[in-house]
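Sequential numbering of the sequence shown, starting at 79, is according to the working numbering. Reading through the structure tokens given below for one structure.
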Amino acid sequence: MNKIKTGDTVRVIAGKSKGREGKVLAVKDGKVLVEGVNMVTKHQKPSAGAPQGGIVNKEAFIDASNVMFLFKGEPTRIGFRLDGDKKVRVAKKTGEAVD
């Protein structure tokens, strides 16, 4: 039951990237990969994709508890509600459906 999904806009609320906002690129095992957040330096061996190799800057996963969902630019928690027989995500602050 993930409350944050790929494509959501989130704000980082804890850690070295606190205050930054970005789009979620991936969600995996309770961690999220956010565009432009938690940048790390990776030493990459030459491969077919990158024949030069070298040092690359890329995003690293951060815990999902350290980000907060943004709905219409405002941070809010996410809940669920049954809409007929369908389960929809709801912004706790406004009560509006997110999806």
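All C-beta atoms in this analysis are idealised placements derived from N, C-alpha and C, irrespective of residue type, glycine included.
Kindly list the residues whose CB is nearer than 7 Å to the CB of Met146, restricted to its own chain and excluding five residues on each side of it in sequence; keep chain order. Here residue 146 is taken as the residue at index 68 of the sequence shown, counted from 1. Excluding sequence positions up to five before and after Met146, its CB lies within less than 7 Å of the CB of Val88, Arg89, Ile91 and Pro153, all in the same chain and listed in chain order.
### Same chain, Cβ closer than 8 Å to Lys120, neighbours up to 5 away in sequence not counted
Along the sequence shown, read from residue 1 onward, the residue named residue 120 stands at position 42. Excluding sequence neighbours, Lys120 sits near Ile133, Val134, Asn135 and Lys136.
| query | Hey, out of Gly93, Ala142 and Phe158, whose CA is closest to Ala169's CA? | reply | Your numbering for residue 169 matches position 91 in the sequence shown. It is Phe158.
- Query: If Asn116 and Ser95 are in contact, beta carbons under 8 Å, what's the gap, nearest whole angstrom?
  - Reply: Looking up residue 116 in the sequence shown gives position 38. Looking up residue 95 in the sequence shown gives position 17. The Cβ separation is near 5 Å, so the contact holds.
Classify Ala175 as helix, strand or coil using the three-state DSSP reduction.
-> Within the sequence shown, the letter at position 97 stands for residue 175. Correct three-state label for Ala175: strand.
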